[in-house]
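Engineer: Per my numbering, the very first residue in the sequence shown carries number 45; after that it's consecutive.
The beta carbon of each residue, even a glycine, is placed where N, CA and C say it ideally should be.
Okay, handing you the structure first.
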Amino acid sequence: MVKLKKFVSLLCTMVLLCSVFSFHTFAATEEIIETTENEGVNTLQPLEEVALHKVDSEEFEIVNLEDNVNVETFEEEIDTSSINLMSRDAWRITQPIYVGNGTLDESVDFYIVNVSKTSFPFLKLNSDNDNLMAAFYKLDPDGTIGKNAKWGVFANKGYTFWDLNRKGEDALETGQYVIAIGSSTGNERGDYTLMWNCSNEISVNGESPKTLIDVTSDLSRIILFYDLNTIICNGTNILNKLVWEEHETWYGTYGYSARDMKITAMKGDNGEPAARGVYVGSFSSSAPYSTSKALLVDVNHGVWTYANSYYQNIGGDVKHIIDYFDVSGQKTPRTFGEGPVDFDYGRNYIVIDLNTFEVCEFLSPFNYHYTQNGGRTFTLSNLQQAG
């Protein structure tokens, strides 16, 4: 599984380095007191609802794969009739994701790839020669190349993906294929960058991809929405225990106080979906941090932990108090989504920065920073629903 990095707020840490922390004597006794009653005050405040917005920008383009998307027919051919790859040099791509540079100094270059009939491949070609193209052919066991290109793309025309509507003889088969780099005349030459990604599947747990959420410019990361339990990035379900957490500590002369928050989104034992909805937009907060493109997962079910702790040691007299009640007065750890007010104050987004692919925030009324006392503000724009 690709592990998303966890963004830990450094704002308080930077300030706290100026404080002094010392223990004057070794603790002779230590009493740890866990609060057993709700001593907190309900400081929840509604999170501003942001309307969905249609964005006319390639950066925020979300492709709805259920709208019978038909990939543009590729009718060009590269002459491969006299070539047998048993006796001809060819590059072999062994990983599901490939980005590589090459120079076409003869009529055609070949790249052999292995695919499964369940693969959902993407292809892209950049070049200093717009007349170059990448064509996708079936490779027979004897080394001969199929007569007709199954699929392809011209240089500098963006990415293309395998048409999910292709059936029968036109469907993808498990086996070896060849990506041929060349031209219809065989006379074009030039430098190129080939980009290939077949890490995702056309079906996961019986669900086909509904929307294409994000594609990096080099195809090194592709994110697909299947259902509210399944968002696949390069073959890994990022909703499988998606985590945001923050740990803050304030040091003083005789001890410290701390606050810990952690939310883990996951599918429930009774089938409750991990997410209520999935969105893409621009996010910024007064923390400060921001991202021009964020993936926002509105948590429906998960595990929520909230703790305040206080430690003091004066001359060996130690007090250690821990309070596990969240800002709504509910004791944690608890199952998020089953609380009486979990959805009453607005959405609860785990925010993923799509530029860095890091979890950067829990934008929620249950995050202390967005309560009446927290003081943090935020903006969301270009918001679109992805699933």
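Could you tell me which of ASN357, THR376, SER353 sits nearest to ILE366, measuring between CA atoms?
Structural biologist: Per the Cα distances, SER353.
Engineer: What's the call for GLY381, buried or exposed, on a 16-neighbour Cβ count within 10 Å?
Structural biologist: buried
Engineer: Starting from PHE380 and walking both ways along the beta strand (DSSP E), at which residues does that stretch end?
Structural biologist: 378 to 380
Engineer: Going straight from the alpha carbon of THR335 to that of ASN86, what length do you get?
Structural biologist: One C-alpha to the other measures close to 31 Å.
Engineer: For GLY196, tell me which candidate among ILE122, LYS337, ARG391 has the shortest Cα-Cα distance.
Structural biologist: ILE122
Engineer: Which residue wins for smallest C-alpha separation from VAL371, given the options GLY250, LEU339, GLY418, VAL395?
Structural biologist: GLY418
Engineer: Please report how far the alpha carbon of ASN108 lies from the alpha carbon of PRO185, in whole angstroms.
Structural biologist: 37 Å
Engineer: Do you know offhand how far TYR142's Cα is from TRP240's?
Structural biologist: Spanning the alpha carbons of TYR142 and TRP240 requires a straight line of approximately 5 Å.
Engineer: Can you tell me which residues form a DSSP beta bridge with LYS168?
Structural biologist: Beta bridge pairing from DSSP links LYS168 with MET239.
Engineer: In the DSSP output, what is GLY226 paired with across the bridge?
Structural biologist: Residue pairing of GLY226 in beta bridges, as defined by DSSP: MET177.
Engineer: Please state the DSSP three-state secondary structure of TYR298.
Structural biologist: coil
Engineer: In terms of residue numbering, what span does the beta strand (DSSP E) encompassing SER326 cover?
Structural biologist: 319 to 329
Engineer: Have a look at PHE166 and CYS242 and give me their C-alpha separation to the nearest angstrom.
Structural biologist: 6 Å
Engineer: Thinking C-alpha only, which one of LEU286, VAL287, ARG265 is nearest CYS277?
Structural biologist: ARG265
Engineer: Below 6 Å CB to CB, which residues in the same chain sit around HIS68 once its five sequence neighbours on both sides are set aside?
Structural biologist: Note that HIS68 has pLDDT 29, beneath the 50 cutoff, so the model's placement of it is unreliable and the number below is only indicative. Excluding residues within five positions, none has a Cβ falling inside 6 Å.
Engineer: Kindly provide the ranges of any alpha helix (DSSP H) runs that are 4 or more residues long and lie completely inside the stretch 229 to 292, ordered along the chain.
Structural biologist: none
Engineer: Taking its Cβ as the centre, do 16 or more other Cβ atoms sit within 10 Å of ASN145, making it buried, or is it exposed?
Structural biologist: exposed
Engineer: Roughly how far, in whole angstroms, is the beta-carbon of LEU238 from the beta-carbon of TYR155, given that I think they are within contact range, below 8 Å?
Structural biologist: 7 Å
Engineer: Does GLN416 pass the burial test, meaning 16 or more other C-beta atoms within 10 Å, or should it be called exposed?
Structural biologist: exposed
Engineer: Check ASN108 in the structure and name its three-state DSSP category.
Structural biologist: strand
Engineer: Is it buried or exposed, LYS306, if we count other Cβ atoms within 10 angstroms and call 16 or more buried?
Structural biologist: Buried.
Engineer: Are the CB atoms of THR349 and THR376 nearer to each other than 8 Å?
Structural biologist: Yes, Cβ-Cβ distance for THR349 and THR376 is below 8 Å.
Engineer: Which residues bound the beta strand (DSSP E) around TRP195?
Structural biologist: Bounds of the beta strand (DSSP E) holding TRP195 are 195 to 198.
Engineer: Leaving out five residues before and five after ARG303 in sequence, what residues of the same chain have Cβ atoms less than 6 Å from its Cβ?
Structural biologist: Answer for ARG303: GLU292, ASN352, listed in chain order.
Engineer: Secondary structure at ASP304, three-state DSSP: helix, strand or coil?
Structural biologist: strand
Engineer: Going straight from the alpha carbon of GLY321 to that of VAL403, what length do you get?
Structural biologist: 17 Å
Engineer: Whose CA, out of ASN244, SER125, VAL159, GLN220, lies closest to the CA of GLY230?
Structural biologist: SER125
Engineer: If we count the other Cβ atoms within 10 Å of its Cβ and call it buried at 16 or more, is GLN374 buried or exposed?
Structural biologist: buried
Engineer: May I ask which residues mark the beginning and end of the beta strand (DSSP E) holding PHE438?
Structural biologist: Nothing can be reported for residue 438, as the shown portion of the chain is limited to 45 through 431.
Engineer: For a test of the three-state rule: what should DSSP assign to HIS345, helix, strand or coil?
Structural biologist: coil
Engineer: Counting Cβ pairs closer than 8 Å, one from the stretch 174 to 193 and one from the stretch 249 to 269, do we hit at least three?
Structural biologist: no
Engineer: Keeping to the same chain, check which residues put their C-beta closer than 7 Å to that of ARG136; ignore five residues upstream and five downstream.
Structural biologist: Excluding its 5 nearest sequence neighbours in each direction, ARG136 has C-beta neighbours in its own chain below 7 Å: ILE156, listed in chain order.
Engineer: Taking C-alpha atoms, which residue in ASN426, ASP271, THR423, PHE369 lies nearest to GLU110?
Structural biologist: ASP271
Engineer: CA-CA distance, GLY383 and VAL343?
Structural biologist: 13 Å
Engineer: How far does the beta strand (DSSP E) with GLU402 in it extend, from its first residue to its last?
Structural biologist: 402 to 407
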